[in-house]
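Enquirer: Read in order, the letters of the sequence shown correspond to residues 53 to 196 in our numbering. Pasting a structure below so you can have a look.
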Amino acid sequence: MDESHDDLRAADHDRDRIVAKLQRALGEGRIDLDEFDDRTRRVWQAKTYGDLAAITADLPAAVPSAPAPTGRSSGPVPPARHRIPGIAPWLAVVTLTLVIWAAVSLAHHEALYPWWLWVAGPWGFALVAKRFGYRSSCHPHRGR
Numbered sequence: 053m054d055e056s057h058d059d060l061r062a063a064d065h066d067r068d069r070i071v072a073k074l075q076r077a078l079g080e081g082r083i084d085l086d087e088f089d090d091r092t093r094r095v096w097q098a099k100t101y102g103d104l105a106a107i108t109a110d111l112p113a114a115v116p117s118a119p120a121p122t123g124r125s126s127g128p129v130p131p132a133r134h135r136i137p138g139i140a141p142w143l144a145v146v147t148l149t150l151v152i153w154a155a156v157s158l159a160h161h162e163a164l165y166p167w168w169l170w171v172a173g174p175w176g177f178a179l180v181a182k183r184f185g186y187r188s189s190c191h192p193h194r195g196r
């Protein structure tokens with residue numbers, strides 16, 4: 053029996069690996085949120101390695117790392133203005149909770165209370181506040 057690797061059944065840890073690759077692609081701006089959502093659904097519907105490979109066929113295998121700096125720096129590196137640190141884990145968790153909520157709502161044939169907003173909202177607010185430099189007035193090290 054000569055089976056192709058693409059015809060072999062995929063396991064959940066294989067699907068998790070592909071979802072992590074999609075999350076990196078989302079964070080890098082290679083795919084948008086709608087594509088991420090669509091591809092993630094397809095990952096969890098995939099049966100074989102071939103099905104999984106087709107979902108990420110247009111994405112690079114690995115992003116080459118930046119070369120190590122040599123010599124002196126020409127000055128400070130400007131901050132990434134359009135990137136919010138911690139957004140990738142937030143997107144992953146929000147996507148997961150939204151998918152769970154949608155699946156349960158579909159199973160009940162009605163839109164249930166959107167509890168996932170209690171995960172997305174406070175965490176998202178904290179990320180945005182941190183990005184724009186919000187500081188608490190009762191911070192013990194303020195003014196040092």
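Note that beta-carbon positions come from the ideal geometry of N, C-alpha and C, so glycine has one too. All of these numbers come straight from a predicted model, not from anything done at the bench.
Nearest to Asp68 by alpha carbon, out of Leu104, Ala178, Gly176?
Expert: The option with the nearest alpha carbon to Asp68 is Leu104.
Enquirer: Is the closest heavy atom of the ligand SAH to the C-beta of Asp68 under 6 Å?
Expert: Ligands displayed in this structure: none; no statement on the ligand SAH is therefore possible.
Enquirer: Does DSSP put Thr149 in a helix, in a strand, or in coil?
Expert: DSSP places Thr149 in helix when its eight states are reduced to three.
Enquirer: Please report how far the alpha carbon of Leu179 lies from the alpha carbon of Ser56, in whole angstroms.
Expert: For Leu179 and Ser56, the distance between alpha carbons rounds to 45 Å.
Enquirer: What span of residues does the alpha helix (DSSP H) with Leu169 cover, start to end?
Expert: Here the alpha helix (DSSP H) through Leu169 covers 169-183.
Enquirer: If you count every other CB in all the chains shown that lies within 10 Å of the CB of Arg91, and 16 or more means buried, which is it?
Expert: Label assigned to Arg91: buried.
Enquirer: Buried or exposed for Lys182, going by 16 or more other Cβ atoms inside 10 Å?
Expert: Lys182 comes out exposed.
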